[in-house]
Amino acid sequence: MSAVAGSTSLQGLSTPEAQQRLQQYGPNTIPEKHPHRLLAFLRKLWGPIPWMLEATIFLQLILGKHVNAIITITLLLVNSLLSFLQENKAQNALALLRQKLTIQARVMRDGRWQLLPAQELVPGDLIHLRVGDLIPADLRLLDGQISVDRSSLTGESVLADLGAGNAVYAGSVVKRGEGTGVVTSTGRNTYYGKTAELVHTAKTVSHLETIIQSVVQSLVAMNVVLAATMLAYTLIRGLPLDELLPFILILLIASVPIALPATFTLATALGSLELSRRGVVVTRLSAIEEAAGMDVLCSDKIGTITQNQLAVADCRVYAPYTEDELWQWAALASDDATQDAIDMAILTWARGQGIPVDLSQRVQFTPFDPLTKRTEALVRQGDQDLHIVKGFPQAIISMAHDGAEITRDIEELAAQGYRVLAVAAGQDNVLDLVGLIALQDPPREDSRTVIQNLRDLGVRVLMITGDGLATAQAIARQVGIMGSACPPEALRQDSHDENLQCEVFAGVFPEDKFKLVQNLQRSGH
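Going left to right, the sequence shown walks through residues 97 to 621 as my numbering numbers them.
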């Protein structure tokens, strides 16, 4: 597809070209396997529980107990129909939700920009990206500078700064800047799509199926022993064998728990209704039991354990400046119009501390530039202008004449998992370092309590994130996950037993998460 994308002109594709490529590559969607409804219903008649009822029906028909057979058939059909209808209702609700969340993309078609549904994108399309856009396909940037949030793909909370020539993956969100890119991959060929394919290919036996199979095997073994005993007794006493068959059939029928499937289906259906009242859509009735039988929970960090929103955690101030000056000047070098996460965190903190922030004092403001990695503001103070710079420490240190002295503080804050910003100010291009600001994505207020409650229920909680080891360990300690941490290299080694003892996994990619879950399942979890 990259060769196709490289041949695109700056006028974009024509409608006939786009239609041809749409037929060649398919729609920009990740196909989901939905069997025909009749086949989905028939699958409800296949499995350990239906087998038990079907075996009972067969034996009842042999013995001529037609009324009992009809009752059992009714039970079987009611169980299957109830499960099918409940899951079908959930699937319809999800389909309606997806339809409402259809993404529109700004695409150059027929020489003009127009809004089109994301599923109509094809390799070679030109797309314009702005702040807040969800990347609809894998792209290669042609121009512009953007910062994107790739946490849905990598689990890493730090924004990625990208420019011309860089790849941008579907599922990322533009947080800063603008740019134009050419689509290189769509649908299942995107990085996100390939990750989703891993989930689709994963096949596991549910906890319930394991228990039912064990029960059935035990019953069969017991029946075989009893039947063999009866056969031996018949042969020893010289009794006719045709008198033995009815007793064996009665024995088999009596050992089958006919009410078990109906009880289980009714209980899970009621559980599904209760969860739906709480805003949870249950797509499979068996999922309720599977969740109840869980003994290890692999949790993402961003938005699950944490708030997915940057907040101020700490600061360092250098003489002769004060903490109020640090926050006031950092706020003046921020802009809430762009809704940038860093700027919003600083402005929220400054205003919450009662520090006056008068943005009308600004004579000039330069938004964050991914190339220089800083934000600049020129503020009028009396008859002089104050030059304020806020950004990555490495970029600010090179501008401030005393920057080398704070390297130790930067390393100390970074070691605690914080994202560090530096603020410098001065006049006549002579800047002094005012201080450092430490930011983090703080834990949710209920995370520690929920994790402890899960532990009390016998569930081991693992935190899996794309963030660095220091950041992952810092958040884990705050929510009560005190176990050892593993770097990403550990998951890619052949030895897995030692790695499964870790409770924090840092720097992982989606394929690493898939491998970890597979290893846990192979270990009996």
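Just so it is clear, CB atoms sit at the ideal spot from N, CA and C, and this is done for glycine as well.
Source: prediction; values computed, not measured.
query                                                                                                                                                              : result
Distance check for Gln241 and Thr468, CA to CA, integer angstroms please.                                                                                          : 11 Å
What does DSSP give as the partner residue(s) for Ala534 in the beta ladder?                                                                                       : Asp410 and Val516
Output needed for Gln403: all residues of its chain with C-beta closer than 7 Å, excluding positions within five of it in sequence on either side, in chain order. : Asp537, Pro538 and Arg540
Within 10 Å of its beta-carbon, does Thr561 have 16 or more other beta-carbons around it, so buried, or fewer, so exposed?                                         : buried
Using alpha carbons as the reference points, say which of Asp239, Gln200, Val378 and Ala233 lies closest to Leu181.                                                : Val378
Taking CB distances under 8 Å as the criterion, tell me whether Trp425 reaches chain C.                                                                            : Within the model displayed, chain C is absent; a lone protein chain is all it includes.
Quick check on the burial criterion: 16 or more other C-beta atoms within 10 angstroms. Buried or exposed for Ser179?                                              : buried
Judging by CA-CA distance, which residue of Gly564, Val312 and Ser543 is the nearest neighbour of Val557?                                                          : Ser543
Using the Cβ count rule (16 or more neighbours within 10 Å means buried), how would you classify Thr168?                                                           : buried
In the DSSP assignment, the beta strand (DSSP E) including Asp245 goes from what residue to what residue?                                                          : Asp234 to Asp245
What is the rounded straight-line gap between the Cα of Ser494 and the Cα of Gln405?                                                                               : 29 Å
According to DSSP, simplified to helix, strand and coil, what is Glu508?                                                                                           : helix
DSSP on Phe610, reduced to helix/strand/coil?                                                                                                                      : helix
Closer than 8 Å is the cut-off here; do at least three beta carbon pairs connect the region 151-165 with the region 129-143?                                       : no
Residues bridged to Val392 by DSSP?                                                                                                                                : Arg556
Since Ile199 contacts Leu149 with CB under 8 Å, what's their CB separation in whole angstroms?                                                                     : With a Cβ gap of about 45 Å, Ile199 and Leu149 do not count as contacting.
Classify Tyr288: buried if its beta carbon has 16 or more other beta carbons within 10 angstroms, exposed otherwise.                                               : buried
Taking the alpha helix (DSSP H) that Leu222 belongs to, which residues open and close that run?                                                                    : That residue, Leu222, is in no alpha helix (DSSP H); its beta strand (DSSP E) goes Leu222 to Leu225.
For His483, does the three-state DSSP call read helix, strand or coil?                                                                                             : strand
Does DSSP put Thr462 in a helix, a strand or coil?                                                                                                                 : strand
Give the DSSP-derived three-state secondary structure of Gln405 in the structure shown.                                                                            : coil
State the DSSP-derived secondary structure class of Pro539, mapped to helix, strand or coil.                                                                       : strand
Please identify the residue among Ala201, Thr400 and Val279 whose C-alpha is closest to the C-alpha of Gly622.                                                     : The structure shown does not extend to residue 622, since the chain is modelled only from 97 to 621, so the question has no answer here.
Suppose the cutoff is 8 Å on Cβ atoms and the five residues either side in sequence are ignored; what does the same chain contact list for Asn184 look like?       : Arg133 and Ala136
From the DSSP output, in three-state form, read off Lys339 for me.                                                                                                 : For the record, residue 339 in the displayed sequence is Glu; it is not Lys. Helix at Glu339.
Output the boundary residues of the alpha helix (DSSP H) element that contains Leu118.                                                                             : Thr111 to Tyr121
Keeping to the same chain, check which residues put their C-beta closer than 7 Å to that of Gln210; ignore five residues upstream and five downstream.             : Val203
Can you have a look at Met559 and say buried or exposed, based on whether 16 or more other CB atoms are within 10 angstroms of its CB?                             : buried
Given a cut-off of 8 Å on the beta-carbon distance, is the pair Asp234 and Thr276 in contact?                                                                      : no
Can you have a look at Gly160 and say buried or exposed, based on whether 16 or more other CB atoms are within 10 angstroms of its CB?                             : exposed
Can you list, in chain order, the residues of its chain whose CB lies under 8 Å from that of Cys394, leaving out five sequence neighbours each side?               : Leu558, Ile560, Lys609, Leu612, Val613 and Leu616
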